[in-house]
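Participant:
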Amino acid sequence: MLSTGALRAHLLAAGLAGTVATSREESLRSYRLFAARDPRVTLGLTPAGGWDEAALLRLMAEKCGVSGDPAHRSGQDVIDPERTLRGLDAFAGRLAAVAARRAPVLFGTGHPHRLLGFYVALADALSAAGCDVLTPAQGRCVDITTRFGLRTYVLDYVRGVAFVREAGPPEGGREQGAHSHSALPVRAALESAAEAGGPLPELVVGDHGWVCGAGQLGIEAIGLADTDDPALFVGEAEGQVAVAVPLDDGVRSAYYRPLTRYVLNRACLSR
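In the working numbering, the protein residues as written are 2 to 272.
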């Protein structure tokens, strides 16, 4: 069993919390774009509040532990590991609750190269606990606006975890998942599930648009978010997102394995 102290030390050593790779400039740019309601940053969320840059900075200081000083404009951002630990405990609590009900769940990630393994382990555990891990709309094409223009992606799953990949044959014979912030994939998945007569997920687990898109539609959603992803924390503050865990979402995939063990143990889903 991984202790809280051991996990805190790992968070700091791996750059998941403490000083993280996300720059202050990146975070402030995201807050500025969110205040302007740029869809690349709102991630499918329609906030009820005003949320100007100053309000967002105060929120992110409260939720993540970043500096609340508006004069701090450069350098690396900081995440308070205690806030990460509290978020992981709440995250585990939601998994435990859905496992107790044996309710249907949906997993999806916009970070398949980094976070796929983390979500796969959780999906396997919930499936073993009797939950139906849903895979609706597999193979459906989704048109997403990117900085390169409108691109067509395909919704795919690996062991119950959804992601999008570029349309066409995989390069080198391997599936290539794409980094995505869009809420369109989760909307396509939920629409497909509804058209097929259900079931619909009682919980969506993931990041980026998967969490905000589901939460905006009234489905319980929990996820991971970096300091430049204010939408999840706004959603949590306004009640659309159940849990947003602050951590660096772009470190090596192996660094998330201790988090997996900790969350599964806290949720009483370890095998």
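Built from N, CA and C at the ideal position, the CB exists for glycine as well.
Taking the C-alpha atoms as reference points, what is the distance between Trp269 and Pro202?
Facilitator: Locating residue 269 in the sequence shown gives position 268, counting from the first residue. Locating residue 202 in the sequence shown gives position 201, counting from the first residue. One point to set straight first is that residue 269 is Cys, not Trp, in the sequence displayed. Distance between the alpha carbons of Cys269 and Pro202 is about 21 Å.
Participant: May I ask which residues mark the beginning and end of the alpha helix (DSSP H) holding Phe149?
Facilitator: Along the sequence shown, read from residue 1 onward, the residue named residue 149 stands at position 148. Counting along the chain, Phe149 falls outside any alpha helix (DSSP H), and DSSP gives it neither H nor E.
Participant: Excluding the 5 residues flanking Leu116 on each side, which residues of the same chain have their C-beta closer than 8 Å to its C-beta?
Facilitator: Stepping through the sequence shown from its first residue, residue 116 is reached at position 115. Cβ neighbours of Leu116 beyond the five flanking positions: Thr110, Asp208, Leu225, Asp250, Ser254 and Tyr257.
Participant: When the Cα of Ala49 is compared with those of Val235, Leu248, Pro259 and Leu260, which residue comes out closest?
Facilitator: Here residue 49 refers to the residue found at position 48 when the sequence shown is read from its first residue. Answer by Cα proximity: Val235.
Participant: In the DSSP assignment, find the beta strand (DSSP E) that holds Val242 and state where it starts and stops.
Facilitator: Along the sequence shown, one-based indexing puts residue 242 at 241. Taken as a continuous stretch (DSSP letters only), Val242 belongs to no beta strand (DSSP E), as it is neither H nor E.
Participant: Which complete beta strand (DSSP E) runs does the segment 206 to 233 hold, if anything under 3 residues is left out?
Facilitator: Listed in chain order, they are 222 to 226.
Participant: What does a CB cutoff of less than 7 Å around Cys132 pick up in its chain, not counting 5 residues either side in sequence?
Facilitator: Against the sequence shown, residue 132 aligns to sequence position 131. Closer than 7 Å at the Cβ level, and outside the excluded window around Cys132, lie Val99, Ala100, Arg103, Ala104, Pro105 and Val106.
Participant: Please list the segments of the beta strand (DSSP E) lying wholly inside the segment 74 to 157, counting only runs of 3 or more residues, in order along the chain.
Facilitator: Whole beta strand (DSSP E) segments, 3+ residues: 77 to 80, 106 to 109 and 142 to 147.
Participant: Output the boundary residues of the beta strand (DSSP E) element that contains Gly19.
Facilitator: Working through the sequence shown from its first residue, we reach residue 19 at position 18. Segment Gly19 to Ser24, the beta strand (DSSP E) holding Gly19.
Participant: Between the C-alpha atoms of Pro137 and Asp70, what's the straight-line distance to the nearest angstrom?
Facilitator: Mapped onto the sequence shown, residue 137 falls at position 136. Mapped onto the sequence shown, residue 70 falls at position 69. Going by the C-alpha atoms only, they are around 44 Å apart.
Participant: Quick one: residues in its chain with C-beta nearer than 7 Å to the C-beta of Ala129, no 5 flanking neighbours on either side, listed in chain order?
Facilitator: Position 128 of the sequence shown holds residue 129. Result list for Ala129: Arg272, in chain order.
Participant: Count the CB pairs spanning the segment 188 to 202 and the segment 84 to 93 that are closer than 8 Å, and state whether there are at least three.
Facilitator: Too few Cβ pairs lie closer than 8 Å, so no.
Participant: Can you grab the Cα-Cα spacing for the pair Gln241 / Gln177, in whole Å?
Facilitator: Taking the first residue of the sequence shown as 1, we reach residue 241 at position 240. Taking the first residue of the sequence shown as 1, we reach residue 177 at position 176. Spanning the two alpha carbons is a distance of roughly 31 Å.
Participant: When we look at the beta-carbon of Gly174 and count the other beta-carbons within 10 Å, is it buried (16 or more) or exposed?
Facilitator: For the purposes of this step, residue 174 is taken as residue 173 along the sequence shown, with counting starting at 1. Since pLDDT at Gly174 reaches only 48, below the 50 mark, its modelled position is unreliable, and no value is offered.
Participant: Within 10 Å of its beta-carbon, does Thr153 have 16 or more other beta-carbons around it, so buried, or fewer, so exposed?
Facilitator: The count along the sequence shown starts at 1 and reaches residue 153 at position 152. It counts as exposed.
Participant: Just to confirm my understanding: we take Trp114, look at its own chain, exclude 5 residues before and 5 after, and list those with CB closer than 8 Å. What are they?
Facilitator: Residue numbering aside, residue 114 sits at position 113 when the sequence shown is read from its first letter. The amino acid occupying residue 114 in the given sequence is His; Trp does not appear at that position. Contacts found: Gly178, His180 and Ser254.
Participant: Apart from the five residues just before and just after Trp52, which ones in its own chain have a Cβ nearer than 7 Å to its Cβ?
Facilitator: As a first step, residue 52 must be located in the sequence shown, where it is residue number 51. Once the five neighbours on either side are set aside, the close Cβ partners of Trp52 are Phe35, Ala36 and Val235.
Participant: How would you call Ser75, buried or exposed, if buried means at least 16 neighbouring beta carbons within 10 angstroms?
Facilitator: As a position in the sequence shown, residue 75 is number 74, starting the count at 1. Per the 10 Å Cβ criterion, exposed.
Participant: Which residues does DSSP list as the beta-bridge partners of Val204?
Facilitator: Sequence index remark: in the sequence shown, residue 204 carries index 203 (1-based). A small correction: the amino acid at residue 204 is Leu; Val does not occupy that position in the sequence shown. Note: Leu204 sits in a beta bridge opposite Val106.
Participant: Taking 8 Å as the threshold (C-beta atoms), are Ala245 and Leu233 in contact?
Facilitator: In the sequence shown, the residue the question calls residue 233 occupies position 232. In the sequence shown, the residue the question calls residue 245 occupies position 244. Yes, the pair counts as a contact, with Cβ atoms nearer than the cut-off.
Participant: Under 8 Å by Cβ, that's how I've got Arg262 and Leu3 pegged, so tell me the actual separation to the nearest angstrom.
Facilitator: As a first step, residue 262 must be located in the sequence shown, where it is residue number 261. As a first step, residue 3 must be located in the sequence shown, where it is residue number 2. Correct: roughly 5 Å between the Cβ atoms.
Participant: In the structure shown, what three-state DSSP assignment does Arg38 receive?
Facilitator: Here residue 38 is taken as the residue at index 37 of the sequence shown, counted from 1. In the structure shown, Arg38 sits in coil (DSSP, three-state: anything other than H, G, I, E or B).
Participant: Whose C-beta lies closer than 6 Å to the C-beta of Ile223 among residues of the same chain, with five residues either side of it excluded?
Facilitator: Reading the sequence shown from its first residue, position 222 is the one you call residue 223. Phe92, Arg95, Val206, Ala243 and Val244.
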